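Mapping of the sequence shown onto UniProt numbering: position 395 corresponds to residue 395, and the numbering continues sequentially without gaps.
All C-beta atoms in this analysis are idealised placements derived from N, C-alpha and C, irrespective of residue type, glycine included.
Model, not experiment: these values are computed from the prediction.
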Amino acid sequence: MSGNSNKDLRGKQASSTTLRPNNAQDIKYEIDRITQLLNSNEIENGLRQTRELVKQHATNIEVLNFWGNVEEQLGSLDEAIKAHRKSIQVKPDSPISYLNLGYLLATSSKVDPVLKQEVDYCFSLLLDLAPAWFFQLHEQNFSSLVKQKVVYAGRRLVQLFDTLHIEAVGDSSNTIRVKNAVWPQTHLKPFTYNYESQKPHLFYVPELKAIPIWPLREFLWANEFMAQYPSIAEEFHSTQTLEEMQTRPYLDTHFGANSDLEELAGQSSWTALDLYKEGKRSPFAEKYFPKTLKALEALPLSGRGERPDEVFFSILQPGQEIPPHFGLSNHSLTVHLGIDIPGGELTVADEHYCWKEAELVVFDDSFLHSAINDTEKVRVVLLFSIWHPDLSDKEILAIKRAFNYRQSWLEQRYVGS
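Shown next as structure tokens:
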């Protein structure tokens, strides 16, 4: 092995595992000592001691990663694969383990072709766990070997996600705008948003008309829907004393898509009473909100299936503020119907709107937007999303296919033990 093998064998691992204080120093010493043996051409002795170290510390992620790298560099393919799989089994959220296993399976000509399908699973799970490794690689304190692996994984993922998107959308001239869409969280090729104030972080169709707050005259259904306000408000108010009307924090405790909203995650300051959530109708909706559901039927509600993804009463407590943030996508627009409005304001890009009871506001939440209830009373709006009016029926179907196809692929990911 070369004089640089010390760095390469240990790969300057980026594992976040914390070793037990009473053996961390001993383990580091043993790894350094064995590395010196290997670099001194005492290969057989070094390998034997590596495997012995693994027996002593079979659940230590740093030891397991070291073992995998040693076996890999010495050409022990089966043992290296076993080591990297063991690392994932011990610590499923260890990014370096997915990188090592994926790279080994991808680049070795001796690997069973059946195992090759796991490569994309490994690299995409790595992207889920450590997006900064790809998007800010230059800021990571990695060895040249680890950087080489990340670059390889990034190129592979670009090809993978492009293929998934095109397979779902197709190549029809009727859906070219959707084909040209960008998934910012997995789009590793350079791209720029059309506007600094519009940066959706899940799905972006650059060629769609971009208007922060839309004029209501653009929506033929708006006046008829606003006329249903008395019935909708009555249904909401009549349920507020019922035990089964459980609200939830709009952002759960695992929310991490936008750090500007972390303070609201899991909090009762901004809650939701769901009629639809993740495409499923709430059990109580039909019983207690029949008129609201009926009014919604006439609207072009957006969703991945036949039902809308979400419809809920958004409840903002007195004195609360929702900080500026970007929404998920620009293929849909967000709609508020004012229910209980003591005051407050919605800001979208540089436009301002003061909610009014019985009035609709339609805005593009892919623009930077914020909200404030600077009153002493609760603010309530009925919130839902509609398809962007520029989209054709064929484009809407293509977007549904793109989301569902990708979700299906993500759900089937599996890395064997």
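query: DSSP state of alanine 132, grouped into three classes?; result: helix
query: Taking three-plus beta-carbon pairs below 8 Å as touching, is the segment 335-342 in contact with the segment 165-181?; result: no
query: How close, in whole Å, do the beta carbons of proline 212 and aspartate 112 come, if the pair is a contact with beta carbons under 8 Å?; result: With a Cβ gap of about 54 Å, proline 212 and aspartate 112 do not count as contacting.
query: Would you be able to state if there are at least three C-beta pairs under 8 Å between the segment 228-239 and the segment 366-377?; result: no
query: By DSSP, does asparagine 373 sit in helix, in strand, or in coil?; result: strand
query: So what's isoleucine 88 in DSSP terms, helix, strand or just coil?; result: helix
query: Measure from the alpha carbon of glutamate 306 to the alpha carbon of each residue in Pro318, Gly279, Glu321, Phe313, then state which is nearest.; result: Gly279
query: Measure the C-alpha to C-alpha separation of asparagine 141 and valine 151 and round it to an integer number of angstroms.; result: 14 Å
query: Less than 8 Å between the beta carbons of tyrosine 288 and valine 311, yes or no?; result: no
query: Is it a yes or a no for the segment 346-364 touching the segment 200-218, going by three-plus beta-carbon pairs under 8 Å?; result: yes
query: Which whole-angstrom value describes the C-beta separation of isoleucine 399 and valine 182, a residue pair presumed to lie in contact below a C-beta threshold of 8 Å?; result: The pair is not a contact, with the Cβ atoms about 13 Å apart (cut-off 8 Å).
query: Out of Tyr229, Glu118, Leu74, Glu351, which has the shortest C-alpha to C-alpha gap to alanine 295?; result: Tyr229
query: Could you pull the start and end residues of the beta strand (DSSP E) that lysine 149 belongs to?; result: Element bounds for lysine 149: not the beta strand (DSSP E) but the alpha helix (DSSP H), 144-169.
query: Of all the options Gly75, Leu293, Lys55, Trp355, which has the alpha carbon lying nearest to the alpha carbon of isoleucine 232?; result: Leu293
query: Does the beta-carbon distance from leucine 47 to valine 70 come in below 8 Å?; result: yes
query: Roughly how far, in whole angstroms, is the beta-carbon of alanine 58 from the beta-carbon of glycine 68, given that I think they are within contact range, below 8 Å?; result: Rounded, the Cβ-Cβ distance is 13 Å, inconsistent with contact.
query: Please report the distance separating the alpha-carbon of serine 329 from that of leucine 99.; result: 29 Å
query: Is threonine 35 near the ligand COA, with its Cβ less than 7 Å from a heavy atom?; result: The model depicted lacks the ligand COA and carries no ligand whatsoever.
query: In the DSSP assignment, what are the bridge partners of arginine 281?; result: Tyr276
query: Have a look at Ala298, Val119, Trp221, Gly75 and flag the residue whose alpha-carbon is nearest the alpha-carbon of tyrosine 414.; result: Val119
query: Starting from valine 63, follow the alpha helix (DSSP H) in both directions and report where the run begins and ends.; result: 61-73
query: Which residue wins for smallest C-alpha separation from leucine 188, given the options Gln317, Glu207, Ser143, Pro131?; result: Pro131
query: Give me whichever residues DSSP pairs with proline 249 in a beta bridge.; result: Thr271
query: With DSSP as the reference, label tyrosine 193 as helix, strand or coil.; result: coil
query: Comparing C-alpha positions only, which one of Trp409, Asn404, Ile322, Leu316 sits nearest to glutamate 376?; result: Leu316
query: Helix, strand or coil for aspartate 340? Go by DSSP, reduced to three states.; result: strand
query: Within this structure, are the beta carbons of leucine 391 and histidine 331 separated by less than 8 Å?; result: yes
query: Considering only residues of the same chain and omitting the five flanking positions on each side of isoleucine 31, which have a CB-CB separation below 8 Å?; result: Arg10, Leu53, Glu62, Val63, Phe66
query: Could you work out which residue in Pro249, Leu220, Ala285, Gly327 is closest to leucine 299 when comparing CA atoms only?; result: Leu220
query: Whose C-beta lies closer than 8 Å to the C-beta of asparagine 258 among residues of the same chain, with five residues either side of it excluded?; result: With a pLDDT of 45 at asparagine 258, under the threshold of 50, the modelled position of this residue cannot be trusted; read the value that follows with caution. Excluding residues within five positions, the ones whose Cβ falls inside 8 Å are His201, His325, Phe326.
query: So, with DSSP's three-state summary, where would you put tyrosine 29?; result: helix
query: In terms of alpha-carbon separation, which member of Ser143, Pro206, Ser94 lies closest to isoleucine 176?; result: Pro206
query: Taking the alpha-carbon positions, what's the arginine 33 to glutamate 42 distance?; result: 12 Å
query: Beta strand (DSSP E) containing leucine 360: first to last residue?; result: 360-363
query: Can you tell me whether DSSP reads tyrosine 353 as helix, strand or coil?; result: strand
query: Let me know the secondary structure DSSP gives valine 119 once reduced to three states.; result: helix
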